[in-house]
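Taking numbering that gives the first Met the number 0, the leading residue of the sequence shown gets 0, the next gets one more, and so forth.
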Amino acid sequence: MTALTAFFQSLLDLSLTALPVMGAVLLARFCLRPAPKKYSYVLWAVVAFRLVCPVSLPSPMSLFNSAPVQTAQETAQSVIREFGQTAIPLLSDHTAHSTPAAPQNAPEAITTMTVSPMEVLALLWVVGLSAMLVWAVISDLRIRRNVAQAVRLEDGVFQCDGLKTPFVLGFFRPKIYVPFRMEPGELAHILLHERTHLRRGDPWWKLLGFGILTVYWWNPAVWLCHNLFCRDMEMSCDEAVLQKLGPEVKQLYSLSLVSFAAGRHFPATGPLAFGENDAKPRVKNILRWKRAVPAAAFLATALCLVAAVICGTNAPVGRGWAQTSGTVSAGGRTALEFTYSVPGDINSCLFYEDVYDHGELVARNPVCYFDFNAEANHAPRRGTASLAGYMDTGFSSGGWHFSLPIDGGNVGYPYPSALPQRDYRALVGPAYPGQNGDKTRRALSELDVVGVLTLSDDDGKLSGAGSVFENFSPAALFADGLTDVAAVLRVEFSRLGSEELRQEFLSNGPGAGAAQDGNQVTVKGASAGVGVDFTAELAKPVRSWAIYEDVYDHGVLVSSIPRISDGFLEDGTGVTSRNFSGTLTCQISYDGTGTNFGNALHCSYGETGSPAMAEWTVGLPAAGYNGAGMIPGYIDSLDGRKSPTKKTFSLADAHEAVLLTYLFSETTTGFTVYQVGKDPTQINDGAVRFRLVTSVESGSGSLSSSAMRLYALKNPYIGDTAADGKLLNALGIGDFGGYKLELFTAERPYILQINFQNEPSNPDALDAAMFEPATLLLALIDNLEEVRWTYPKTQDGKPTLVTVYFKEDNALCPAGMTTKDCGANLQNLQTLLDYLGVETSAANSGS
């Protein structure tokens with residue numbers, strides 16, 4: 000009984016999912032009224048798919064991204080489940096205590112048998128299903144008995160007395176049955192119609208339609224759709240006949256349908272046979288028919304494709320959404336009001352606060368947790384809520400105030416901020432994303448900053464930088480020099496419970512327990528060399544990634560180093576695109592004997608299809624290994640299964656993916672790739688594993704993509720104008736204004752000169768900004784000895800040309816290093832970039 004009830008519950012869920020799709024298809028069908036009916040006929044496949052298949056591909060265009068659809072669907076499912084859990088008493092058994100030791104007035108023991116409404120409905124569904132099947136079988140047997148004496152007219156066509164209408168019967172070897180004494184022209188039209196059914200495989204589609212109707216016999220919407228499906232099927236066949244024979248047969252063809260319908264009050268065929276039924280709308284459609292023009296056919300096809308994508312796909316799993324409604328006044332505060340919906344696989348959320356004092360992060364504290372399942376810290380999964388930031392009456396501290404929809408009303412929760420206790424003079428905010436009219440619906444995985452308080456503790460002047468959310472960055476809050484303190488409220492969602500999320504945050508920081516939906520890495524065999532190619536798609540809240548090198552000695556992790564890393568700016572851009580590809584290759588060396596492997600693994604990394612950006616050597620725990628081999632990440636060494644070409648890893652929960660593993664053996668028996676339930680790094684003598692790891696923190700401490708891209712543009716000769724131009728473009732010189740490049744290579748010193756064409760608004764700022772790229776130019780062009788830049792300047796009302804000379808002595812290098820030292824290798828270049836604090840991107844390199 001439990002299995003039957005569960006199956007019927009799944010049918011209810013599918014039916015609820017299909018209801019909005021039915022409505023959308025009916026709307027599309029209405030829009031397609033002037034178009035040929037074959038387009039309307041095809042649309043019903045989407046409804047059938049929704050009623051049969053419980054899974055689908057995710058799409059941002061899905062109908063189920065709509066808030067009203069989600070709310071109505073989830074509310075209906077909740078009501079059905081609550082109704083199904085109600086117990087209905089069937090029988091009470093009253094048994095009196097009659098043992099000698101029992102007192103005379105002992106209470107009766109009452110045993111009550113109950114049944115749930117869902118079990119009753121499941122049993123009724125089985126009865127209705129059986130009745131539909133019996134009807135289909137009896138109708139088929141009756142028709143076959145009536146045509147048992149049919150006479151063959153031609154191949155696949157039979158004539159029979161007593162038939163009211165022609166029809167098709169059968170699936171594997173279908174036959175066409177027609178009445179005797181039909182006019183030749185009329186017979187030709189009918190046979191063309193019925194053969195069109197057979198050519199398109201309509202008997203099978205009708206069988207599928209009736210099967211769905213049988214399962215959903217209790218749903219009136221399915222009955223409506225089935226009737227319209229059958230009507231569109233017949234009308235599209237009528238139009239196919241007219242398309243072949245021409246409009247001149249419309250009258251005769253219509254009269255044939257009317258003659259078959261005359262005097263008949265009941266269908267002459269069963270639910271699975273094709274008959275000339277539903278004559279009135281078909282005749283009207285025939286008389287209105289015209290040949291479709293190509294433009295109309297194109298528009299109808301486009302509408303069908305759009306409807307199929309909208310109705311046939313699901314909302315992305317795990318994303319949910321939040322949408323601002325604007326600001327409202329609540330309790331004397333300005334609050335951001337928003338609607339939200341949290342999907343079933345998300346169990347909790349965390350709001351935490353970053354506090355900055357004059358640009359420095361001084362505190363990071365959890366503000367509050369909400370759990371969507373547990374009673375403690377409970378929050379509903381959908382509704383309208385509000386968020387407000389506030390300052391106390393003394394203007395020395397403040398906090399955040401949440402209002403959530405609970406038990407039909409909104410319940411407020413105040414939470415203090417970790418703002419430094421000071422005598423603040425001015426406050427801007429709270430500022431919220433979307434408060435300025437932007438009511439874009441955002442996926443939960445895209446949410447990050449949800450509120451900002453900016454304060455001044457001196458002259459009381461603030462610029463309001465905190466209200467800019469499109470390209471939000473903590474540095475922007477302090478760029479004007481007016482903001483002194485800022486509190487930034489952030490949010491993350493998790494599949495963990497609220498208590499587990501709290502522990503992860505306190506132990507490992509933000510993002511440790513967050514569900515990073517939409518992040519994935521696809522690994523496949525390297526296009527060149529021994530290694531792997533991979534593509535990564537990284538969405539918010541990820542702010543950095545790194546390729547870690549883990550070295551194992553007899554199962555013990557002896558080192559873990561981030562070899563390659565990169566970070567993204569707060570607005571979602573960064574040195575690399577959030578969608579990027581890379582190639583990681585490794586080559587083992589041999590020892591002096593030429594028979595055993597040495598103690599080093601030579602590795603390289605670069606963009607897929609491009610030269611290597613970085614090369615390094617991994618020191619192995621021992622020398623003289625007898626066996627070595629690589630396991631690419633697309634081979635699952637823990638369960639013994641493999642994909643022959645590639646594998647996609649979701650980073651939604653794990654936040655990391657194995658790219659490749661190198662295994663080493665000290666014996667001649669070789670290394671072990673697979674052992675049930677064990678990681679190969681634990682069962683071999685040595686191993687080196689490379690993992691791509693994502694983080695919600697900014698990356699640092701390893702080779703960044705900016706260093707690798709700039710190093711890839713390193714130029715040995717100043718005279719290579721094209722290479723010089725690529726390097727200038729990568730350093731963003733064009734951001735300072737239009738310029739022309741001029742080279743002086745006839746004699747030493749070799750000079751690269753940048754001639755800016757327009758007078759700068761602030762010459763001193765331009766000179767200061769040029770110091771960093773000038774230093775990098777000296778480091779990355781081997782024989783470059785001097786950098787100059789010129790720009791026009793009006794002085795005492797007269798135009799002049801300013802020339803700035805930048806030599807080795809002016810370069811901004813770490814202590815003990817020259818510019819040529821900084822450009823000698825990739826690690827030194829990274830040291831220079833870290834010293835300069837360069838955050839600019841080399842994203843345009845090579846253009």
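Glycine included, every Cβ here is placed at the ideal spot set by N, Cα and C.
- Looking at the DSSP output, PRO791 sits in a beta bridge with LEU800.
- In this structure ARG489 touches VAL448 by the C-beta definition: roughly 6 Å separates them, less than 8 Å.
- Contact fails between the stretch 740-748 and the stretch 792-800, because fewer than three Cβ pairs, one in each stretch, are under 8 Å apart.
- If you draw a straight line from the Cα of TYR834 to the Cα of LYS792, it comes to about 32 Å.
- GLY733 and GLY397 have their alpha carbons spaced roughly 44 Å apart.
- Counting every other CB atom within 10 Å of its CB across the protein chains shown gives GLY450 a total of 16 or more, marking it as buried.
- GLN515 is the residue among LEU241, GLN515, TYR633, ARG151 whose C-alpha sits nearest the C-alpha of GLU445.
- Here CYS585 carries a strand assignment [DSSP, helix/strand/coil].
- Assigned with DSSP and collapsed to three states, GLU359 falls in strand.
- In this structure, DSSP gives LYS646 an extended state, which the three-state scheme calls strand.
- Here LEU742 carries a strand assignment [DSSP, helix/strand/coil].
- DSSP, reduced to helix, strand and coil, places VAL46 within a helical segment of the structure shown.
- Scanning its chain for C-beta atoms nearer than 8 Å, with the 5 sequence neighbours on each side dropped, one finds around LEU495 the residues ASN346, SER347, GLU503, GLY512, in chain order.
- Going by DSSP, GLY22 is part of no beta strand (DSSP E) but of the alpha helix (DSSP H) stretching over 1-30.
- The alpha-carbon separation between HIS357 and VAL366 amounts to approximately 22 Å.
- Its Cα nearest to that of GLY736, the residue ASP766 stands out among TYR716, ASP766, LYS713.
- Within the same chain, MET117, GLU118, ALA121 come within 6 Å of THR4 by CB-CB distance, once the 5 residues on both sides are set aside.
- Three or more beta-carbon pairs separated by less than 8 Å link the stretch 687-695 to the stretch 534-550, which places the two stretches in contact.
- According to the DSSP assignment, HIS553 belongs to no alpha helix (DSSP H), since it is labelled neither H nor E.
- Of the candidates THR818, PRO813, ALA814, THR818 places its Cα closest to the Cα of LYS806.
- ILE137 counts as exposed, since fewer than 16 other beta carbons sit within 10 angstroms of its beta carbon.
- Here TYR423 is near ASP456, since their CB atoms are less than 8 Å apart.
- In its chain, beyond the 5 residues on either side, PRO679, ILE682, ASN683 have a beta carbon closer than 7 Å to the beta carbon of THR671.
- When the Cα atoms are used, PRO404 and SER65 turn out to be separated by approximately 20 Å.
- Going by beta carbons, GLY632 and LYS646 fall inside the 8 Å limit.
- ALA778 and CYS821 have their C-alpha atoms some 6 Å from each other.
- For VAL557, same chain residues with a beta-carbon under 8 Å away, outside a window of 5 residues either side, are VAL550, TYR551, PRO620 in chain order.
- Contact between GLU606 and GLY581 holds, with the beta-carbon distance rounding to 6 Å and staying under 8 Å.
- In the structure shown, the three-state DSSP call for TYR710 is helix.
- Apart from sequence neighbours up to five positions away, the residues of its chain that approach CYS310 with a beta-carbon distance below 6 Å are VAL20, ALA23, VAL45, LEU62, ordered along the chain.
- Annotation: PHE337 is outside any alpha helix (DSSP H); the continuous beta strand (DSSP E) that includes it extends over 332-340.
- In the structure shown, ILE345 adopts coil according to DSSP, grouped into three states.
- Per DSSP, reduced to three states, the secondary structure at CYS602 is strand.
- Between ALA706 and LEU832, the C-beta gap is smaller than 8 Å, which places the two residues in contact.
- The DSSP-derived three-state label of GLN158 is strand.
- In the structure shown, the three-state DSSP call for SER506 is helix.
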